[in-house]
Structure formats: structure tokens, C-alpha cells
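Residue numbers (full-length UniProt numbering), protein chains in the order written: chain L, 1 to 450; chain Y, 1 to 450. Glycine included, every Cβ here is placed at the ideal spot set by N, Cα and C.
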């Protein structure tokens, strides 16, 4: 039993939908199809979701909404016509889009979410209709009927734990169920969306709920590459990643899947595969809990910029019980999220994303560290990048660090900071951003080309 | 103007005192002599300070104190006779020792400190007398007269900031001043000692107070070695260290000087030299604020055992604002001091000295992490050692890490954790204790023998 999810670009046109149909039909275990709203057909196209945002804004500003309604309906009409699905489904979708403009505005915390969710919801109806017309027993199912209940937090819904038992009952359905992604329903029956890009989350929740054997996430790339293709020429695609490795790579700039989306599948121990709708024969990248069989020590190399470091030194710092905690407390009170704390004996660095440090917060931190914690020196270091080498099997391979450090040294790259935790899933290096690309290339060469 | 301090073994006998006299006489800038109590003359000897502890215990238990009084007085008598200093000084010292047994016991928080301080105090009188008899204009000065005032914290006195202005006036004295180490006087006139081994602190305070050009600390070794002589055969002695480097080495097992003793000299920007009373021509190890001239990237390699690590992992840990702070808060509430926090993305390790983690505290930590912070996994890793490579000039030498990692790899030593802060004064490696000696030898070979 498999859950299969398609992203917006896989569903942007009739031609794409034909590929989707072939993929679903090809494996009778593909029983749950989670879909996004129609995405862009070409670079300059508008996503249906973005059109819905425009529609919402016009509606609450009490402007004329006819044009934008028509644009959206036409978008679906184009696909319906190309697939010869007929008038019934078009009328159903049209009504749904037009009816949005009769929802109450005042005191309706879920209005925005309801507008947005219409993109996925109507696409699911369309796709179910298309599957049925082509002889695949399929049925559109609304999250309310499916049992996907969420908290009442507009724009950032979280699944209610009770959902999982309800969802499990879907296993008994005979049809292929087509489920709109991106939203759930509150216990009061309101539409409430996950954070943007949230169709991945729906797929993950459904996979965990129906205890799927596999969660197939179809995108427009052949899986995950061992390094960014914009930096390394033709990097090889990773055949197998663990969830932990995926997290580390996603953290440092790999953005195939939104990592929060993976939690339900991770907790449900469901393996996941990332595949390409446009190249379905490519095995893609499988994401598993534990590596199967022997594998290489390093699976991928990631780099991300826009980091800064707050470097603090104080003579005899490490004798002070609570010093580190007090520093972190200052950051927390300013609602600043930190990333790493490489420490010496009398110095500590706090590495964080540059966006966390506004000029006002920066002044406040310096002032508090100097006045309350009486540090000897505090300095803000900018234009830093983080480079991560990632691989759970590093643990059993002595010499990974030597190989990496040698690569840096050979290319005259200075290591500003280093941190490797006991999990040994990754080693993190902080370097100057101007050397980031050279560093990723040097490491890729060292681990994959030699 | 120099402050010169002698440790107990340099002052244990007449023969040692003759060396001390020659050293002081050899340089007319040596104007402030800080002395310890007489130390051991041989392996099985008793230190005068330990005899004074015995004396104190007998006195407060209202036992007969005559024997122990006599032992202490005889100890000074032996030196006085050997140096032919005559009856006057012996009577002065005898009276001082005997008078201790007429101090009030009840409600006297400073009684123990007063007993202990008598070792240094009487030795200073003796040494001043000896210097004068040999034609060096010298004068014993009590900390009260000198102006060394401290907080009323028996056994852990801290200098009152006002002391420094008073001490500065000592610059105007014409004589060589002989000052007993280890204690100061409260504003109520009570004797109050620094923590044990505190003659180093007195020297450091006097040096800062009189704004000395140099603080000479005489011990019984030729300075500080680049690695522990018990691990590496005949390691070379370090000619110049910075205060920061000294701190890092002291942290990881080098114990020539108690590093807290250095604070006043460090803050006063006074350079320090560690020399050998028994080999005064050896240049020793100079400790400075900044390196003078070019120097090697790595000055020393230290290793210390008995560390443990608390390894925590939680999926999406790094998304939680305040997670790290909460972990440190748990430790702080249990009064546990931590050393390093190497982090991955979803895992953090807390490295601490094994003595900090009693079985009860360990249970409490695991329980709180599991219940309150809902971590996925927590594991205690034992038998760990920290290896540090230390050198402020690493910063300007690319390739130090590569050299170190290569040495580890060649000797099949797995790096459990790594941390390098932005100061780049040191790189810390956590390894299994069973590989500690091999690691120190490998690194020493790599940085000093090749």
C-alpha cells in the first residue's frame, strides 16, 4: 500500500496529468494520491495558489472579483477541455470558486485558509474525475471525510493525534482515493492550512495514518544530488539517504522537501522515495530510517551562506557555572534562534543565521554581554558559510576528517570553526562565504571523484 | 621592577635558601620577594603547612599541642642554625607559633586560616633576616602593612579592589620587601587565606599592584613542556606562551601554575616567567599577553581523561527556540558544570568531567530530558579523554587541522567529537581514553618531530 504525492509542476497541464495517470495506474499499490494545486506551466506562469491569494485580497477589499474568478476557472477549464472531461466537473469547480465570494469576512479567522485550500481541493476533484473517466476506480475525498483533523491555527495547522486512527480506516476503501494536500479541517469544520508548501505534509500524514509501505513523493527532479548542481558539475544523485542525513542536508541548503513535512512519516517509520514525474523510471532517492547494506561514509556535501557568529571571550569563562546558559538566555529573550556553539576554554562562538540578528538586537546583545556578563571581548563576525559533510556511516570510517581537512588545506581555505557532535552524522565547518563554492567543490572532488 | 615568587620546595632547606639568595641578589630589579612556607626536603618529609593543620586540629580538640609545636619550631630552627641567623629570629618565630594556641576557638571563623598562614608568615620573617645578614637591604612586610586587603571569606579570600592603590605605594620602598604568600587581611584585621597553593596568587596580586615589569615564578621545573613528560619522551620546553595558551594547556592537564592565580597579573598585563630555582640559568617559559615575533602554529599538546558525554538527539531539535538553553538550565539546577557542546543539527552532546555526574544526577538528567524536553534519545558515553592542540598562531596557519586529523587517522584513532571556536587558540578532540596516550604521541610527533 503506497501513498503517492504529486507537486504543482507535475499537475500544471493536461500533458503532465497524463504522466501522473500512467504512474498511478502502473502500480496497483498506489492507492492514495495526494495532490497540490496546479503549478506553473512555464517560467512566467502564475500558480493557481497565487491567483487565489489575489482573489482573496480583492474580495476583502470589496473590489470587483469577476476577473480573477474567471482567470482561475479558465485555468481549470483549460485542463478539463484538454482532457475532455465535460461540463459536470467544470460546473462543480466553477461553483466552488465563485462561492468563496459569499463567505463572511468579519470574524472569519479561516477565510484566507479557505480561499487558498480551494486550489488543491478543486484539483483533487478534477483528477479523480479524470482517473475515473480513464477506467481507474478513483474517488475524490475531502480531508473532513478522510478524518484529517487539525488544530485551529490558521496558516500553521497541526494534526490532531486522533486523526491517525480515523485515517487508518481509509485502508478499507476499494477505490484509489484522491486527497487534496495542504489543509485539514478543525473540529468545528473550518478549513485550516499547513504552512506553505504543505502538500508534502498531507502526504506524510496520510502515509503514517494508513501505515503505508512507502510514501512516494513525485517532483520534477531525479531525487537528491550529492552536492548542489549549481556548484558542482553533474553531481551524482543519491540512491539512499537516512532521515537524519536528509535533515542535515536540508539544513545546509538542500531544499527538495520541506523537512518538517517528514515528521509524521519519520515517526511512523514509513520509508519515502523522491522521484521525478518526468522521468519515472529513474529510481530516485530513497529515504529510510537505517541504511540497508554497506554504503559510503559520506553521502552528500552541502553549503549554505548568510551566517554570522557572535564571538565571546572571557578569561576563566569555563569556571563560571551557568555562563553558557546565561548567554543563551539573552538570545532567547530576544527570540533569536542559534545554530551551533563551538567552544574553546575561555571563548565561545554562537553561530546563527544572519536574518536573526537585526541591528537593534545586535546592540542589545553586545550591551548585555558586556554589562551583565562582563565579557572581555565580543565581536560579530559576518559573511560566514556553513559547510556540512553528511553521512551516518562516517562513524565507522576513520579518516573522514583527515580527508576533509586535507581538501580544505590544499585549497587554502581557513576553517574558522568546526563542530562535530557524537552522533557523527555530519561534520560542520564554518568558513568565509567567499570560499564556500570552492570548498564544496574541493570536498566533492575529494569524496566522490577520487 | 620585578616580583619574584618562590615555591615551598625552593625554600625547604638552608641549601635551597642559599640558591634563592643568589637569585634575588643577582638582579637589583628583584624588589618584591613572595614566599611560601617551607616545603618538603625529600619525598617522605612533612610540609610545614601540613604540620600546622595537625597543630590546629589538636588545638581545637583540646589535646596536648606541645609535640607538634616543637616539631614546627624545630623545623625553622634547623634552617636558622644552618644559616647561623642567631637566637633573635628563632625566638620571634617560636613565640608566633606558640601564641597560636591562645587564640579564641569559639566564634572565630578565621582560626584555621590564621594557623595555616603562620607557615608563610614566619618563613618570610626568616628569609628577610637571612637576606639582611648577608648584606642585602631587605625587610619583612606583613600583608596588613603592605595593604593586601581581602574579603571575609575564610579559605577563599578575594582581593578587595582598593588594595591595588595601596600596594602601588610599595614601589617607593628602598628595601627588598619579603612578603608572605597565601593570605591577606580583612578590613577587620583578620588573617584570611586564598585557596590552597595560593602563594602564586599573592605574587600575582603584588605584581599587578606595584605594576611590575615582570613576575618571576620560581618552581622546581625548567618551565612548561610542549607535552606531558610522562607520555612523550623528553618533550621540548616551551619558550613563550600566551596567557590564553597557558589557560588551554592548564585546562587539559598541564598543572605547573594554578591558573586562577594568574588573573591579577593577566588583568594588569604583567608578563610572567616560570623558572627553576635549581637551574636558574635556564630561560624557563615566558607567559605573555601577545606573542613576540614569529612562532610556530602549535605550542603544546595536552590530554586529560575522565570526561563523559551526554548525547541527546531529537528530530527537528534545531527548530525549537530555547531547547539548548533548557538543557543547560537542567544542568545548572543540578549544579553541574559543562565543558563543551558540540552540536549537529538534531543532536547535541554535552561534554563534562566525570566527577560532575553522580549516579543520582545522571538519573535526574535522563528523566528530565525524557519527560520535559521529550528527546528521542539520550545516552551517556563514558571513558572519554579530551585532547587539545594549542597555539594562538594556528589562526594564520592553514593546514593545522589537516595535519592533526592525518595523525589521528594514521594511528586509527576515531574522533568522537570535535570543537574549534572562532578564537582558534585550540582545537579540541574527544576520543576514547584508551587511545589518549597514543593520540598525544602521534600529535607530538606530527607537530614537533617532523
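Subject >> CB-CB length for residue 389 of chain L against residue 413 of chain L, believed under 8 Å >> reply: By 1-based counting over the first chain, the position of residue 389 of chain L is 389. By 1-based counting over the first chain, the position of residue 413 of chain L is 413. Between residue 413 of chain L and residue 389 of chain L the Cβ distance is about 13 Å, and since that is not below 8 Å, they are no contact.
Original post:
Which chain L residues sit within Cβ distance under 7 Å of residue 321 of chain Y?
Top reply: Against the second chain, residue 321 of chain Y aligns to sequence position 321. The contacting residues are 332, 335, 337.
Original post:
How about residue 69 of chain L and residue 97 of chain L: do their beta carbons lie closer than 7 Å?
Top reply: Here residue 69 of chain L refers to the residue found at position 69 when the first chain is read from its first residue. Here residue 97 of chain L refers to the residue found at position 97 when the first chain is read from its first residue. Contact flag set, yes.
Subject >> chain Y residues whose Cβ lies nearer than 8 Å to that of residue 342 of chain L >> reply: Here the question's residue 342 of chain L lines up with position 342 in the first chain. Those within 8 Å of residue 342 of chain L in chain Y are 342, 419, 420, 421, 422.
Original post:
Using a Cβ-Cβ cut-off of 6 Å (strictly less than) and excluding sequence neighbours within five positions of residue 394 of chain Y, which residues of its own chain qualify?
Top reply: Reading the second chain from its first residue, position 394 is the one you call residue 394 of chain Y. So the qualifying residues of the chain are 297, 400, 424.
**OP:** Could you have a look at residue 190 of chain L and say whether DSSP puts it in helix, strand or coil?
**Re:** Taking the first residue of the first chain as 1, we reach residue 190 of chain L at position 190. In this structure, residue 190 of chain L counts as coil in the three-state DSSP scheme.
**OP:** Pair every Cβ in the region 318-333 of chain Y with every Cβ in the region 318-327 of chain L, then say whether three or more of these pairs are closer than 8 Å.
**Re:** yes
**OP:** Name, in chain order, the residues that DSSP records as bridge partners for residue 87 of chain Y.
**Re:** For the purposes of this step, residue 87 of chain Y is identified with residue 87 of the second chain, where counting begins at 1. In DSSP, residue 87 of chain Y forms no bridge with anything.
Original post:
Which class does residue 300 of chain Y belong to by DSSP, given the choice of helix, strand or coil?
Top reply: The sequence position of residue 300 of chain Y within the second chain is 300, counting from 1. Here residue 300 of chain Y sits in strand by DSSP.
Original post:
If the cut is a Cβ gap below 7 Å, which residues of chain Y does residue 399 of chain L touch?
Top reply: Stepping through the first chain from its first residue, residue 399 of chain L is reached at position 399. Neighbours of residue 399 of chain L on chain Y, chain order: 409.
Original post:
Using a beta-carbon distance below 7 Å, is residue 412 of chain Y in contact with chain L?
Top reply: For the purposes of this step, residue 412 of chain Y is taken as the residue at position 412 of the second chain. Yes, because at least one Cβ of chain L sits closer than 7 Å to the Cβ of residue 412 of chain Y.
Original post:
Of all the options Y:372, Y:361, Y:387, which has the alpha carbon lying nearest to the alpha carbon of residue 380 of chain Y?
Top reply: To locate residue 380 of chain Y, count along the second chain from 1; it is residue 380. Measuring from the Cα of residue 380 of chain Y, the nearest candidate turns out to be Y:361.
Original post:
Which class does residue 114 of chain Y belong to by DSSP, given the choice of helix, strand or coil?
Top reply: The count along the second chain starts at 1 and reaches residue 114 of chain Y at position 114. Helix.
Subject >> Coil, strand or helix - residue 205 of chain L by DSSP >> reply: For the purposes of this step, residue 205 of chain L is taken as the residue at position 205 of the first chain. If DSSP states are grouped into helix, strand and coil, residue 205 of chain L belongs with the helices.
Original post:
Can you name, in chain order, every residue of its own chain whose Cβ lies under 7 Å from the Cβ of residue 244 of chain Y, other than the five neighbours on each side?
Top reply: In the second chain, residue 244 of chain Y corresponds to position 244, counting from 1. Correct list, in chain order: 392, 425.
Original post:
Do we get a CB-CB distance below 7 Å when we pair residue 329 of chain Y with the residues of chain L?
Top reply: As a working note, residue 329 of chain Y is residue 329 in the second chain. Answer yes: the Cβ-Cβ gap between residue 329 of chain Y and chain L drops below 7 Å somewhere.
Original post:
Below 7 Å between beta carbons: does that hold for residue 369 of chain Y and residue 309 of chain Y?
Top reply: If you number the second chain from 1, residue 369 of chain Y lands on position 369. If you number the second chain from 1, residue 309 of chain Y lands on position 309. No, the pair does not count as a contact, with Cβ atoms beyond the cut-off.
**OP:** Enumerate, from N- to C-terminal direction, the unbroken alpha helix (DSSP H) stretches of 4 or more residues contained entirely within the region 341-406 of chain L.
**Re:** 359-371
Original post:
At which residue ranges does the region 198-242 of chain Y contain complete alpha helix (DSSP H) runs of 4 or more residues, listed in the order of the chain?
Top reply: 199-209
Original post:
If we count Cβ pairs, one from each stretch, closer than 8 Å, do we get three or more for the region 132-143 of chain L versus the region 51-70 of chain L?
Top reply: no
Original post:
Is the distance from the Cβ of residue 115 of chain Y to the Cβ of residue 76 of chain Y below 7 Å?
Top reply: Taking the second chain and counting its residues from 1, the one referred to as residue 115 of chain Y is at position 115. Taking the second chain and counting its residues from 1, the one referred to as residue 76 of chain Y is at position 76. Cβ atoms of residue 115 of chain Y and residue 76 of chain Y: not closer than 7 Å.
Original post:
Are the region 281-293 of chain Y and the region 218-225 of chain Y touching, with three or more C-beta to C-beta distances below 8 Å?
Top reply: yes
**OP:** Note down, in chain order, every chain L residue with its Cβ under 8 Å from the Cβ of residue 324 of chain Y.
**Re:** Within the second chain, numbered from 1, the residue matching residue 324 of chain Y stands at position 324. Per Cβ cutoff of 8 Å: 328, 338, 341.
Subject >> chain Y contact residues for residue 158 of chain L, given Cβ-Cβ distances below 7 Å >> reply: Against the first chain, residue 158 of chain L aligns to sequence position 158. In chain order: nothing, as chain Y lies at least about 13 Å away.
Original post:
Mind checking residue 372 of chain Y: buried by the 16 CB within 10 Å criterion, or exposed?
Top reply: Residue 372 of chain Y sits at position 372 when you count from the first residue of the second chain. So residue 372 of chain Y counts as exposed.
Subject >> 6 Å CB neighbourhood of residue 378 of chain Y in its chain, flanking five on each side removed >> reply: Translated into positions along the second chain, residue 378 of chain Y becomes position 378. The answer, listed in chain order, is 312, 366, 369.
Subject >> Endpoints, alpha helix (DSSP H) assigned at residue 435 of chain L >> reply: Position 435 of the first chain, counted from the start, is the residue given in the question as residue 435 of chain L. Note, residue 435 of chain L: premise wrong, no alpha helix (DSSP H); not H, not E.
Original post:
Which class does residue 4 of chain L belong to by DSSP, given the choice of helix, strand or coil?
Top reply: Reading the first chain from its first residue, position 4 is the one you call residue 4 of chain L. Strand.
**OP:** Pair every Cβ in the region 229-244 of chain Y with every Cβ in the region 202-211 of chain Y, then say whether three or more of these pairs are closer than 8 Å.
**Re:** no
Original post:
Of all Cβ atoms in chain Y, is any one closer than 7 Å to the Cβ of residue 279 of chain L?
Top reply: Taking the first chain and counting its residues from 1, one reaches residue 279 of chain L at position 279. Judged by the 7 Å Cβ criterion, residue 279 of chain L is not in contact with chain Y.
Subject >> Own chain residues within Cβ distance below 6 Å of residue 127 of chain Y, not counting five before or after >> reply: Stepping through the second chain from its first residue, residue 127 of chain Y is reached at position 127. Answer for residue 127 of chain Y: 35, 178, listed in chain order.
**OP:** Can you pull the chain Y residues whose beta carbon is under 8 Å from the beta carbon of residue 455 of chain L, in chain order?
**Re:** Only positions 1 to 450 of chain L appear in this structure, which leaves residue 455 of chain L out of reach.
Original post:
List, in order along the chain, the chain Y residues whose C-beta lies closer than 7 Å to that of residue 263 of chain L?
Top reply: The residue you call residue 263 of chain L lines up with position 263 of the first chain. Chain Y residues near residue 263 of chain L: 315, 316.
Original post:
Can you name the residues that DSSP bridges to residue 286 of chain L?
Top reply: Locating residue 286 of chain L in the first chain gives position 286, where the first residue counts as 1. BP columns for residue 286 of chain L point to L:240, L:273.
**OP:** Just grab the DSSP bridge partners of residue 428 of chain L for me.
**Re:** Mapped onto the first chain, residue 428 of chain L falls at position 428. Residue 428 of chain L is bridged to L:388, L:419.
Subject >> Residue span of the alpha helix (DSSP H) that contains residue 55 of chain L, given as start and end >> reply: Taking the first chain and counting its residues from 1, the one referred to as residue 55 of chain L is at position 55. First-last of the alpha helix (DSSP H) with residue 55 of chain L: 48-60.
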